[in-house]
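**Q**
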Amino acid sequence: DPEMLPEVMQRWQASIATGQSFEMVCPLKGADGVFRPFLTRIVPMGDPEGQVGGWFGTNVDIGRQLKAEMSLRLS
Numbered sequence: 005d006p007e008m009l010p011e012v013m014q015r016w017q018a019s020i021a022t023g024q025s026f027e028m029v030c031p032l033k034g035a036d037g038v039f040r041p042f043l044t045r046i047v048p049m050g051d052p053e054g055q056v057g058g059w060f061g062t063n064v065d066i067g068r069q070l071k072a073e074m075s076l077r078l079s
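In this note's numbering, the protein residues as written are 5 to 79.
(1) So with Cβ pairs under 8 Å, would you call L76 a contact of chain B?
(2) For P6, list the residues DSSP reports as bridge partners.
(3) Give the DSSP bridge partners of R45, in chain order.
(4) Please classify F39 as buried or exposed, where buried requires at least 16 neighbouring CB atoms within 10 angstroms.
(5) Exposed or buried, which one is F3 when buried takes at least 16 other CB atoms within 10 Å?
(6) Can you round the beta-carbon distance between L32 and V64 to whole angstroms, since I take them to be within the 8 Å contact cut?
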């Protein structure tokens with residue numbers, strides 16, 4: 005989502021600078037053109053000396069989960 009991009013980039017750059025994990029929920033556009041909420045998690049992959057050698061990340065569509073949680077709250 006272009007509106008959230010500055011916050012995403014700020015938080016991601018902070019993770020790169022500190023070597024800390026990154027996690028946030030933000031909307032991503034699916035192949036159908038619809039934005040849905042995704043949980044993004046990225047963790048650093050360290051070498052034996054403790055230096056970050058790469059990152060491993062996932063994006064999980066949590067739209068159904070959020071709808072179910074909302075339904076439970078309303079019931």
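Where is the CB? At the ideal position from N, CA and C, for every residue including glycine. Note that the structure is a prediction, hence the values are computed from the model and not measured.
**A** So, from the listed chains and residues:
(1) Absent from the structure: chain B. Only one protein chain is present.
(2) Partner(s): none; P6 has no beta bridge.
(3) E27, T62
(4) exposed
(5) Because the chain in this structure spans residues 5 to 79, residue 3 falls outside the shown range and cannot be described.
(6) Rounded, the Cβ-Cβ distance is 10 Å, inconsistent with contact.
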